[in-house]
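**Q** Structure incoming, see below.
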Amino acid sequence: MGQPTSIEIKHFKEVREENNFTQSEFAELLGIKNSTADIERGRTKLSGKVVAELLGQFGINPLWLFGQSGQKYLQLSKGDVSPKVVTVDSSDNENMVMVNQKAAAGYPHNVQDIEWYQQLPAFDIPLPEFRNATYRGFQIEGDSMLPNYYPNEWVLAKAVPDLDQANNNKIYVVVLQDSVLVKKLQKLPDASKVLLISLNEEYLPIEVNINEIQELWQVNSKLTFNLDNPSESGLFRELKQSMEDLKKELRSFKKQV
Amino acid sequence: MEKTTKILVVDDDSGIGEMLKTLLEFYGYEVLVTEKPLMAEELIQQENIDIVLLDMLISGVDGADVCIGIRQNPEITETPILMMSALHDAGPKCKDAGANDFIAKPFEVEDLTEKIEKILAAERE
Numbered sequence: 147m148g149q150p151t152s153i154e155i156k157h158f159k160e161v162r163e164e165n166n167f168t169q170s171e172f173a174e175l176l177g178i179k180n181s182t183a184d185i186e187r188g189r190t191k192l193s194g195k196v197v198a199e200l201l202g203q204f205g206i207n208p209l210w211l212f213g214q215s216g217q218k219y220l221q222l223s224k225g226d227v228s229p230k231v232v233t234v235d236s237s238d239n240e241n242m243v244m245v246n247q248k249a250a251a252g253y254p255h256n257v258q259d260i261e262w263y264q265q266l267p268a269f270d271i272p273l274p275e276f277r278n279a280t281y282r283g284f285q286i287e288g289d290s291m292l293p294n295y296y297p298n299e300w301v302l303a304k305a306v307p308d309l310d311q312a313n314n315n316k317i318y319v320v321v322l323q324d325s326v327l328v329k330k331l332q333k334l335p336d337a338s339k340v341l342l343i344s345l346n347e348e349y350l351p352i353e354v355n356i357n358e359i360q361e362l363w364q365v366n367s368k369l370t371f372n373l374d375n376p377s378e379s380g381l382f383r384e385l386k387q388s389m390e391d392l393k394k395e396l397r398s399f400k401k402q403v
Numbered sequence: 006m007e008k009t010t011k012i013l014v015v016d017d018d019s020g021i022g023e024m025l026k027t028l029l030e031f032y033g034y035e036v037l038v039t040e041k042p043l044m045a046e047e048l049i050q051q052e053n054i055d056i057v058l059l060d061m062l063i064s065g066v067d068g069a070d071v072c073i074g075i076r077q078n079p080e081i082t083e084t085p086i087l088m089m090s091a092l093h094d095a096g097p098k099c100k101d102a103g104a105n106d107f108i109a110k111p112f113e114v115e116d117l118t119e120k121i122e123k124i125l126a127a128e129r130e
């Protein structure tokens, strides 16, 4: 099927660069010794194992990799973003596992490991809002979701079975291959991708391939602390910013006069 | 698929062969690859191959001759063969050689699996 060319190497490098991996990081991820330099220089052929890893981890269509197709991605999960493990208490009733910041770091890699969940605290909220659905708690890390979600707060989120059932512009806990993010989700015209938006405008939106999403949880409530602290609404912050801008303009205007 | 379909890929480019193996295994098929077209007949017999995916242009050998060889071997003459080629007008030549169908490269994976399943469904009837 065609003569060996460097097209697969070009595409291999393209995938690495698009995902911002160094040669050694990419090698580790794909189970290649040391670095991908030998592959990228054309010294080593792409093995079936590497092709399989690119397909499994990034949804890369092997046909595209070898220049035989224009379709870069294959849909692996067909949008299945349901929980990989559902936790229950001693009476076989579903409970709510709480994933703290430390546990969140290991979550993507343990997403299918039943024993791993057993070390996490779990509880049940006897309220109608939490009945007949699977819920999980996640702790907020960082300030990217200010002003609505503060670091160390907990969000309680409901499992979403598949991506088609996700609503545009709602807040979700998105479990990717190597991280757990809390973001506003926006669907894109290219159905193979979604945009994850931070409420804090200092953070840029992130475009992710849907194949990278392992689980999706819709945030519907939160546990908040430090209620005494004054909080700012987004509108209030915007107004404050506008006032500051106006003051600056006025000052420069005065100087000119 | 009631049982795992076993596919033999005959392609002299080991990279492409391995790539097709990875792809088709992902779609639930069992796949064997050979770079040696002359080994094809032996493998079909030994491995109980359900369908052969045969490249038209194999260095040194005409894929159509490999196809004719399979059709002339009474032990394996019924084995379904899907030929592939970058030459879009190679279809009639493949059919003349006895191939069940032909797929022009480049192709999408859905087109390939659809053709495989169509051939297998026709065989079962």
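Heads up: the protein sequence lines correspond to chains A and B, in order. According to this note's numbering, the first sequence is numbered sequentially starting from 147. According to this note's numbering, the second sequence is numbered sequentially starting from 6. Glycine residues also receive a C-beta, built at the ideal position from the N, C-alpha and C atoms. Model, not experiment: these values are computed from the prediction.
Helix, strand or coil, according to DSSP, for residue 34 (chain B) in the structure here?
**A** Within the second sequence, numbered from 1, the residue matching residue 34 (chain B) stands at position 29. Coil.
**Q** Can a CB atom of chain A be found closer than 7 Å to the CB of residue 85 (chain B)?
**A** Here residue 85 (chain B) corresponds to residue number 80 of the second sequence, with the count starting at 1. Closer than 7 Å: no.
**Q** Taking any Cβ of chain B, which residues in the stretch 214 to 245 of chain A have a Cβ under 7 Å from it, in chain order?
**A** Residues 214, 215, 217 and 220.
**Q** Give every residue of the same chain whose Cβ lies closer than 7 Å to the Cβ of residue 19 (chain B), excluding the five residues on either side of it in the sequence, and list them in chain order.
**A** On the second sequence, residue 19 (chain B) is found 14 positions in, with the first residue counted as 1. Excluding positions up to five away in sequence, the list reads 40.
**Q** Three Cβ pairs or more, each shorter than 8 Å: is that satisfied between the stretch 273 to 285 of chain A and the stretch 296 to 308 of chain A?
**A** The answer is yes - the stretch 296 to 308 of chain A touches the stretch 273 to 285 of chain A, with three or more Cβ pairs under 8 Å.
**Q** When burial is assigned at 16 or more other CB atoms within 10 Å of the CB, is residue 388 (chain A) buried or exposed?
**A** In the first sequence, residue 388 (chain A) corresponds to position 242, counting from 1. By the neighbour-count rule (16 or more Cβ atoms within 10 Å), residue 388 (chain A) is not buried but exposed.
**Q** Does the contact criterion of 3 or more C-beta pairs under 8 Å hold for the stretch 36 to 52 of chain B versus the stretch 198 to 215 of chain A?
**A** In short, these stretches do not touch, since the Cβ pair count stays below three.
**Q** For residue 6 (chain B), name the three-state secondary structure that DSSP assigns.
**A** If you number the second sequence from 1, residue 6 (chain B) lands on position 1. Below a pLDDT of 50, predicted positions are generally treated as unreliable, and residue 6 (chain B), at 36, falls in that range; the measurement from the model is reported next regardless. In the structure shown, residue 6 (chain B) sits in coil (DSSP, three-state: anything other than H, G, I, E or B).
**Q** Is it the case that the stretch 69 to 87 of chain B contacts the stretch 43 to 54 of chain B, given that we only count it when at least three CB pairs across the two stretches are under 8 Å?
**A** Counting Cβ pairs under 8 Å, three or more are found: they touch.
**Q** Run through the stretch 176 to 228 of chain A for me and flag every whole beta strand (DSSP E) of 3 or more residues, listed as ranges in chain order.
**A** Here no run is fully enclosed.
**Q** Please confirm if the stretch 255 to 270 of chain A is in contact with the stretch 226 to 235 of chain A, defined as three or more CB-CB distances below 8 Å between the two stretches.
**A** Yes, the stretch 255 to 270 of chain A touches the stretch 226 to 235 of chain A.
**Q** Could you check how far apart the C-beta atoms of residue 75 (chain B) and residue 57 (chain B) are, in whole angstroms? I think they sit under 8 Å.
**A** Counted from its first residue, the second sequence places residue 75 (chain B) at position 70. Counted from its first residue, the second sequence places residue 57 (chain B) at position 52. Confirmed, Cβ separation roughly 7 Å.
**Q** Quick check on the DSSP output: what are the complete alpha helix (DSSP H) runs of length 4 or more inside the stretch 59 to 112 of chain B, in order along the chain?
**A** For the stretch 59 to 112 of chain B, whole alpha helix (DSSP H) runs of length 4 or above, ordered along the chain, are 68 to 77 and 96 to 101.
**Q** In its own chain, which residues sit with a C-beta less than 7 Å from the C-beta of residue 353 (chain A), not counting the 5 before and 5 after it?
**A** For the purposes of this step, residue 353 (chain A) is identified with residue 207 of the first sequence, where counting begins at 1. Answer for residue 353 (chain A): 339 and 341, listed in chain order.
**Q** Got a sec: which bits of the stretch 27 to 45 of chain B sit with their beta carbon under 7 Å from any beta carbon on chain A, in order along the chain?
**A** So the close ones are 27, 28 and 31.
**Q** Thinking just about the alpha-carbon of each residue, which of A:324, A:323 and A:313 is nearest to the one in residue 331 (chain A)?
**A** Start at 1 with the first residue of the first sequence, and residue 331 (chain A) comes out as number 185. Residue 331 (chain A) has its Cα closest to that of A:313, out of A:324, A:323 and A:313.
**Q** So residue 319 (chain A) contacts chain B; which residues on that side make the cut at Cβ distance below 7 Å?
**A** Within the first sequence, the letter at position 173 stands for residue 319 (chain A). What residue 319 (chain A) touches in chain B: nothing, since even the nearest Cβ is about 28 Å away.
**Q** For chain A, find out if any of its Cβ atoms is closer than 7 Å to the Cβ of residue 21 (chain B); answer yes or no.
**A** On the second sequence, position 16 is the one that residue 21 (chain B) refers to. Closer than 7 Å to some Cβ of chain A, the Cβ of residue 21 (chain B) qualifies, so yes.
**Q** Closest Cβ-Cβ distance between residue 24 (chain B) and chain A: below 7 Å?
**A** One-based indexing of the second sequence puts residue 24 (chain B) at position 19. Chain A, which has a Cβ nearer than 7 Å to the Cβ of residue 24 (chain B), makes this yes.
**Q** Does DSSP put residue 268 (chain A) in a helix, in a strand, or in coil?
**A** As a working mapping, residue 268 (chain A) is identified with position 122 in the first sequence. Reduced to three states, the DSSP call for residue 268 (chain A) is strand.
**Q** Flag residue 113 (chain B) as yes if its beta-carbon sits less than 7 Å from any beta-carbon of chain A, otherwise no.
**A** What you label residue 113 (chain B) is simply residue 108 of the second sequence in a count that begins at 1. Yes, its Cβ sits closer than 7 Å to a Cβ of chain A.
**Q** Under 8 Å: do the stretch 318 to 326 of chain A and the stretch 357 to 369 of chain A share three or more Cβ pairs, one atom per stretch?
**A** Flag = yes, the stretch 318 to 326 of chain A and the stretch 357 to 369 of chain A touch.
**Q** Which two residues bound the contiguous beta strand (DSSP E) that contains residue 361 (chain A)?
**A** Mapped onto the first sequence, residue 361 (chain A) falls at position 215. Counting along the chain, the beta strand (DSSP E) containing residue 361 (chain A) begins and ends at 361 to 369.
**Q** As a quick exercise: from A:177, A:182 and A:245, pick the residue whose alpha carbon is nearest that of residue 163 (chain A).
**A** Looking up residue 163 (chain A) in the first sequence gives position 17. Minimum Cα distance to residue 163 (chain A) is reached at A:182.
**Q** Which of helix, strand or coil does DSSP assign to residue 308 (chain A)?
**A** Working through the first sequence from its first residue, we reach residue 308 (chain A) at position 162. It is a strand residue.
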